[in-house]
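Engineer: Structure provided below as structure tokens; questions to follow.
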Amino acid sequence: MPKERRGFEQESGSYAYGYDALGRLSEIQKDGKVQTQYGYDAFGNRIWKEESRERTSYQYNDLNQMVSERQGEIRREYGYDKRGNLTGILENGAWKKQYVYGAINRLEEAVDAAGKQARYQYNGLGHRVGKQEGIIPKEKLEKLDPQNRICMEVGNSRQIAYTLDLTRQYYNLLERTEESQSQRYFWDGNVAAYEENGGRNYYLQDELGSSLRIEDSAGNLRESYGYGAFGEDLYQNQGKKQPFGYTGYQRDEIAVLWSSIFVTLMAN
């Protein structure tokens, strides 16, 4: 299968995909050379990935939740509450991410080890309509254990508000406002364009609805994106200029989650 991306020679080439007897992706070849291989357990969980001769292994509990991931010298551990929500991530024993959920199972707060914190706001229909982001002061962060960090007041906070199309349950963001700056979004099934500071920018997407390029009204390239086979952010620029990315979902930089406002997924 040929793939050609102008300006992205590292992505361009001839690809071949291999699948196991159950139809699961097991191998990716580029220009006749094996690029990535995957292995699965009897329950369909991916238990290893090998890329550029480096292996990543995954372990799961009895509920099929991924509880650990090892890549070379890096080991990540994942914790869950009794409802199955991801509550925390440790990296080599050090706390990296923490998530807090409300009584009706919605993500309400997220905080990372650098002190970046987000608090999420919802309307009566369960749609996310706002987010407050801020930084926990370093001197306070260093004195706290992971369970207490999430309760700290946010310093230097900023408020982000979402205006939604309430006739749609998801893929429904019409406007994103941060302080005095706004982005307005236009849809034709998937997001087609956004308007900011009087200028309009257009999305170029693949067959999955993933944003690949953004161009302005004059056809000038504003931003380019790339994804791995499972949605990995190849260029680490998702969510910087605008929120939409892999399959049309939105990336939350602090939580490192993909969301369609109503549905939330973890990008692995």
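Quick note: our numbering has the sequence shown finishing at residue 1322, numbered continuously throughout. We put the beta carbon where it would ideally sit given N, CA and C, even for glycine.
1. Could one say the Cβ of G1299 lies closer than 8 Å to chain B's Cβ atoms, at least one of them?
2. Can you list, in chain order, the residues of its chain whose CB lies under 7 Å from that of Y1323, leaving out five sequence neighbours each side?
3. For E1065, collect the residues of the same chain with a Cβ closer than 7 Å to its Cβ; drop the 5 residues on either side in sequence, then sort them by chain order.
4. Could you tell me if E1163 is buried or exposed, where buried requires 16 or more neighbouring beta carbons within 10 angstroms of its beta carbon?
5. List the whole-angstrom C-beta distance separating G1138 from Q1119, where the pair is believed to meet the contact cut-off of C-beta under 8 Å.
6. Between which residues of its own chain and E1250 is the CB-CB distance below 6 Å, once the five residues before and five after are set aside?
7. In this structure, how does DSSP classify T1221 when only helix, strand and coil are distinguished?
8. List the DSSP bridge partners of P1056.
9. Do you know how far the Cα of K1136 is from the Cα of Y1225?
10. Which runs of the alpha helix (DSSP H) spanning at least 4 residues fall entirely within the stretch 1118-1201, listed in chain order?
11. Using a Cβ-Cβ cut-off of 7 Å (strictly less than) and excluding sequence neighbours within five positions of G1134, which residues of its own chain qualify?
12. With a cut-off of 8 Å on the beta carbons, I'd call R1276 and Q1292 a contact; round off their distance for me.
Structural biologist: Looking at the coordinates:
1. Within the model displayed, chain B is absent; a lone protein chain is all it includes.
2. What the structure shows of the chain is the stretch from 1055 to 1322, and residue 1323 is not part of that stretch, so it cannot be assessed.
3. Hits under 7 Å: K1057, R1059, G1280.
4. In summary, E1163 is buried, with 16 or more beta-carbon neighbours lying within 10 Å of its beta-carbon over all protein chains present.
5. With 8 Å as the limit, G1138 and Q1119 qualify as a contact, their Cβ atoms being about 7 Å apart.
6. Here E1250 has Q1237 as same chain residues with Cβ atoms under 6 Å from its own Cβ, once five neighbours each way along the sequence are excluded.
7. Note: T1221 maps to coil in three-state DSSP.
8. DSSP lists S1068 as partners of P1056.
9. Between the C-alpha atoms of Y1225 and K1136 there is a straight-line separation of about 29 Å.
10. Secondary structure remark: continuous alpha helix (DSSP H) runs of at least 4 residues inside the stretch 1118-1201, in chain order: 1192-1195.
11. Reading the sequence as shown, one finds Tyr at residue 1134 and not Gly. Hits under 7 Å: Q1119, L1140, T1141.
12. The beta-carbon distance between R1276 and Q1292, rounded to whole angstroms, is 14 Å. This is too long to meet the 8 Å contact definition.
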